[in-house]
Amino acid sequence: MAASITPSLRSALERLKHAGSVNGMLLCWRRQILINLLPYEEFRAERLLQVLHDARAHFGSGGDRDVRTFWFGYEGVFVLALFHGECLLITLHTHASEVDFMRRAGLTFLDDTQLLVQALLEPAPDDEISREETQPLGDLENGGHPPQASGPTKVIPRHS
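All the letters of the sequence shown, read from the start, carry residue numbers -18 to 141 under the numbering used here.
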(Lines of atoms letter the chains of each structure in order from A and count residues from 1; the text may use other names and numbers.)
(Lines give C-alpha, C1' and ligand atoms only; values in the text may rest on other atoms or scores of the structure.)
Protein backbone atom coordinates (compact mmCIF):
# COMPACT_ATOMS: atom_id res chain seq x y z
CA MET A 1 0.00 0.00 0.00
CA ALA A 2 2.67 2.53 0.99
CA ALA A 3 4.64 1.91 -2.21
CA SER A 4 1.73 3.05 -4.38
CA ILE A 5 1.34 6.48 -2.73
CA THR A 6 1.66 9.23 -5.28
CA PRO A 7 4.50 11.72 -4.96
CA SER A 8 2.06 14.64 -4.67
CA LEU A 9 0.51 13.24 -1.50
CA ARG A 10 3.92 12.53 0.01
CA SER A 11 5.23 16.00 -0.90
CA ALA A 12 2.13 17.65 0.57
CA LEU A 13 2.69 15.76 3.82
CA GLU A 14 6.38 16.71 3.84
CA ARG A 15 5.45 20.39 3.35
CA LEU A 16 3.08 20.10 6.29
CA LYS A 17 5.90 18.53 8.30
CA HIS A 18 7.95 21.72 7.84
CA ALA A 19 5.19 23.87 9.40
CA GLY A 20 5.87 24.92 12.95
CA SER A 21 7.77 22.67 15.32
CA VAL A 22 6.83 19.32 13.79
CA ASN A 23 9.17 16.40 14.52
CA GLY A 24 7.32 13.70 12.62
CA MET A 25 4.07 12.74 10.91
CA LEU A 26 2.19 9.56 10.17
CA LEU A 27 -0.64 9.25 7.64
CA CYS A 28 -2.84 6.18 8.01
CA TRP A 29 -5.91 4.69 6.42
CA ARG A 30 -7.97 2.52 8.76
CA ARG A 31 -5.26 0.49 10.51
CA GLN A 32 -2.69 0.68 7.70
CA ILE A 33 0.24 3.06 7.46
CA LEU A 34 0.31 5.02 4.20
CA ILE A 35 3.24 7.37 4.85
CA ASN A 36 5.59 7.19 7.82
CA LEU A 37 7.62 10.35 8.47
CA LEU A 38 8.14 9.60 12.17
CA PRO A 39 11.68 9.42 13.58
CA TYR A 40 10.94 5.89 14.84
CA GLU A 41 11.06 2.37 13.50
CA GLU A 42 8.09 0.99 11.57
CA PHE A 43 6.94 -1.31 14.39
CA ARG A 44 6.75 1.63 16.81
CA ALA A 45 4.66 3.60 14.32
CA GLU A 46 2.32 0.61 13.93
CA ARG A 47 2.01 0.34 17.70
CA LEU A 48 1.13 4.05 17.99
CA LEU A 49 -1.48 3.62 15.26
CA GLN A 50 -3.08 0.64 17.01
CA VAL A 51 -3.11 2.38 20.42
CA LEU A 52 -4.84 5.46 19.00
CA HIS A 53 -7.49 3.38 17.24
CA ASP A 54 -8.06 1.42 20.45
CA ALA A 55 -8.35 4.65 22.46
CA ARG A 56 -10.89 6.02 19.98
CA ALA A 57 -12.91 2.81 20.18
CA HIS A 58 -12.77 2.90 23.99
CA PHE A 59 -13.90 6.51 24.39
CA GLY A 60 -16.57 6.17 21.71
CA SER A 61 -17.86 2.80 22.93
CA GLY A 62 -20.86 4.33 24.69
CA GLY A 63 -22.18 5.48 21.34
CA ASP A 64 -22.89 9.01 22.53
CA ARG A 65 -19.70 10.65 21.22
CA ASP A 66 -17.39 10.43 18.26
CA VAL A 67 -13.79 11.22 19.19
CA ARG A 68 -12.00 12.92 16.30
CA THR A 69 -9.00 14.48 18.02
CA PHE A 70 -6.50 13.35 20.64
CA TRP A 71 -3.73 15.52 22.05
CA PHE A 72 -1.19 14.05 24.44
CA GLY A 73 1.68 15.83 26.16
CA TYR A 74 4.90 14.08 27.09
CA GLU A 75 8.24 15.41 28.25
CA GLY A 76 9.62 17.32 25.29
CA VAL A 77 7.04 16.24 22.69
CA PHE A 78 3.30 16.44 22.03
CA VAL A 79 1.21 14.02 19.97
CA LEU A 80 -1.76 15.31 17.97
CA ALA A 81 -3.98 12.67 16.35
CA LEU A 82 -6.68 13.76 13.89
CA PHE A 83 -9.30 11.31 12.64
CA HIS A 84 -11.06 12.28 9.40
CA GLY A 85 -13.29 9.69 7.77
CA GLU A 86 -11.19 6.54 7.60
CA CYS A 87 -7.91 8.48 7.63
CA LEU A 88 -5.75 9.32 10.62
CA LEU A 89 -3.01 11.95 10.73
CA ILE A 90 -0.58 11.79 13.65
CA THR A 91 1.70 14.75 14.29
CA LEU A 92 4.59 14.97 16.77
CA HIS A 93 5.49 18.55 17.71
CA THR A 94 7.45 20.30 20.44
CA HIS A 95 5.59 23.57 21.17
CA ALA A 96 2.25 23.34 22.95
CA SER A 97 1.28 26.81 21.76
CA GLU A 98 1.15 25.58 18.16
CA VAL A 99 -1.47 22.88 18.69
CA ASP A 100 -4.38 24.93 17.31
CA PHE A 101 -2.39 25.82 14.20
CA MET A 102 -1.34 22.17 13.76
CA ARG A 103 -4.92 21.01 14.15
CA ARG A 104 -6.26 23.44 11.54
CA ALA A 105 -3.43 22.67 9.12
CA GLY A 106 -3.89 18.93 9.63
CA LEU A 107 -7.64 19.06 9.04
CA THR A 108 -7.11 21.15 5.92
CA PHE A 109 -4.57 18.62 4.69
CA LEU A 110 -6.99 15.75 5.34
CA ASP A 111 -9.83 17.60 3.58
CA ASP A 112 -7.67 18.34 0.55
CA THR A 113 -6.21 14.87 0.23
CA GLN A 114 -9.33 12.82 0.96
CA LEU A 115 -10.15 12.50 -2.75
CA LEU A 116 -6.58 11.58 -3.61
CA VAL A 117 -6.48 8.86 -0.96
CA GLN A 118 -9.87 7.59 -2.15
CA ALA A 119 -8.61 7.46 -5.75
CA LEU A 120 -5.54 5.51 -4.64
CA LEU A 121 -7.54 3.01 -2.64
CA GLU A 122 -10.34 2.57 -5.19
CA PRO A 123 -8.99 3.23 -8.69
CA ALA A 124 -11.41 3.76 -11.56
CA PRO A 125 -12.52 0.53 -13.21
CA ASP A 126 -10.91 -0.38 -16.51
CA ASP A 127 -13.64 -2.38 -18.16
CA GLU A 128 -15.78 -2.26 -21.31
CA ILE A 129 -18.54 -0.17 -19.73
CA SER A 130 -16.24 2.63 -18.60
CA ARG A 131 -14.42 2.66 -21.96
CA GLU A 132 -17.72 2.92 -23.85
CA GLU A 133 -18.80 5.93 -21.77
CA THR A 134 -15.64 7.80 -22.76
CA GLN A 135 -15.76 9.53 -26.12
CA PRO A 136 -12.43 9.73 -27.97
CA LEU A 137 -11.31 13.17 -29.13
CA GLY A 138 -8.55 11.91 -31.43
CA ASP A 139 -9.99 13.31 -34.68
CA LEU A 140 -10.05 16.90 -33.44
CA GLU A 141 -6.40 17.49 -34.25
CA ASN A 142 -6.92 16.28 -37.83
CA GLY A 143 -9.78 18.72 -38.46
CA GLY A 144 -12.57 16.38 -37.38
CA HIS A 145 -15.68 17.40 -35.51
CA PRO A 146 -16.13 16.88 -31.79
CA PRO A 147 -18.59 14.25 -30.62
CA GLN A 148 -22.11 15.53 -30.06
CA ALA A 149 -22.94 15.94 -26.39
CA SER A 150 -26.22 16.82 -24.76
CA GLY A 151 -24.56 18.81 -21.97
CA PRO A 152 -23.58 22.50 -21.90
CA THR A 153 -19.89 21.81 -22.63
CA LYS A 154 -18.80 22.94 -26.09
CA VAL A 155 -15.54 21.85 -27.66
CA ILE A 156 -14.17 24.25 -30.24
CA PRO A 157 -11.58 22.56 -32.43
CA ARG A 158 -8.59 24.65 -33.34
CA HIS A 159 -7.59 24.67 -37.00
CA SER A 160 -4.12 25.53 -38.15
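Glycine included, each C-beta is placed from N, C-alpha and C at the ideal position.
All figures in this text were calculated on a predicted structure; none of them were measured in a lab.
query	result
In angstroms with no decimal places, state the Cα-to-Cα distance between threonine 94 and aspartate 35.	24 Å
Could you tell me if valine 32 is buried or exposed, where buried requires 16 or more neighbouring beta carbons within 10 angstroms of its beta carbon?	exposed
Measuring straight from C-alpha to C-alpha, what distance separates serine -11 and aspartate 45?	37 Å
In the DSSP assignment, find the beta strand (DSSP E) that holds alanine 62 and state where it starts and stops.	58 to 65
Do you know how far the Cα of arginine 28 is from the Cα of valine 142?	The first residue shown for the chain is -18 and the last is 141, placing residue 142 beyond what the model contains.
Just to confirm the assignment: which complete alpha helix (DSSP H) runs, minimum length 4, are found wholly within the segment 79 to 103?	80 to 102
Only counting the same chain, and skipping five residues up and downstream in sequence, which positions put a Cβ closer than 8 Å to that of methionine 83?	Ala0, Gly1, Val3, Leu61, Thr72, His74
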